[in-house]
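Residue numbers (this note's numbering): 24 to 272. C-beta atoms are modelled at their ideal positions from N, C-alpha and C, and glycine is treated no differently. For reference, the structure discussed in these notes is given below.
What follows is the structure, given as structure tokens:
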């Protein structure tokens, strides 16, 4: 039997070809709640993995932790153990004022302002979603009635740089929809390794940097973010199921 991968602690045969990639290990529970059946596979460091089925489709989910380096490790080891289509389901801060908490961002591509992808290829190499995965995500969002915005997102490495406000304003001015920390790494590494990838992000912070004043608005904002998390999981699962159905018919 194949040896376990050193970080995710999974081996070939334990990972489905279709994989969801949350950042937060706690989001694995929310994914499991949407599956027909599932079982734990491994839990090591930030990497928590389950494998199960969704409407007959074999699917796995692995948390990647925070940032590009840990995401790159997960993507590399998942591909080695059988992953072929990977979709990030993460969180994002909005950069455009019309985007609300709980809306979804579907990444057409990503600004590579993180360091992990630069260890693979120069900045001139684009981080773009697989066309079929992108189409499946947008079609699933439309079918499910989710509010989804398609466009460019920005991936970065820190919330606390001295120039963060300046950088945010710059990319907002270029029409970038929102920011996360892992999408660019996923899209770059997956493409280089011959896998297909996409990213759908739940907006948890509005463009003004905070929720509206007042306890009622604060609670409403939390509820919107929670609904967005459920929506992104459902969108990703239905998108992967559509791709699986095309391949198995």
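Among the candidates the options, whose CA atom is the shortest distance from the CA of residue i?
i, options, result
"residue 45", "76, 256, 264, 62", "256"
"residue 249", "63, 127, 64", "127"
"residue 202", "227, 159, 106, 61", "227"
"residue 178", "171, 222, 58, 56", "222"
"residue 172", "153, 183, 158, 181", "158"
"residue 50", "117, 154, 87", "87"
"residue 119", "112, 37, 198, 184", "198"
Looking at the unbroken alpha helix (DSSP H) that takes in residue i, where does it start and where does it end?
i, result
"residue 103", "91-103"
"residue 156", "154-167"
When DSSP labels each residue in this structure, what does residue i get in the three-state scheme?
i, result
"residue 220", "strand"
"residue 258", "helix"
"residue 250", "helix"
"residue 50", "helix"
"residue 56", "coil"
"residue 37", "coil"
"residue 147", "coil"
"residue 173", "strand"
"residue 269", "helix"
"residue 230", "coil"
"residue 65", "strand"
"residue 264", "helix"
Tell me where the beta strand (DSSP E) around residue i begins and ends.
i, result
"residue 111", "108-117"
"residue 133", "127-136"
"residue 75", "70-77"
"residue 84", "80-85"
Q) Are at least three pairs of beta-carbons, each pair with one atom in the stretch 184-191 and one in the stretch 164-174, less than 8 Å apart? A) no
**Q.** Touching by the beta-carbon criterion (3+ pairs, under 8 Å), the stretch 90-108 and the stretch 135-149
**A.** yes
Q) Could you give the uninterrupted runs of the beta strand (DSSP E) lying entirely in the stretch 177-221, keeping only those of 3 residues or more? A) 201-203
Q. Do the stretch 204-219 and the stretch 149-160 meet, that is, are 3 or more Cβ pairs less than 8 Å apart?
A. yes
Q.
Taking contact to mean 3 or more Cβ pairs, one atom from each stretch, closer than 8 Å, check whether the stretch 48-66 and the stretch 99-107 are in contact.
A. no
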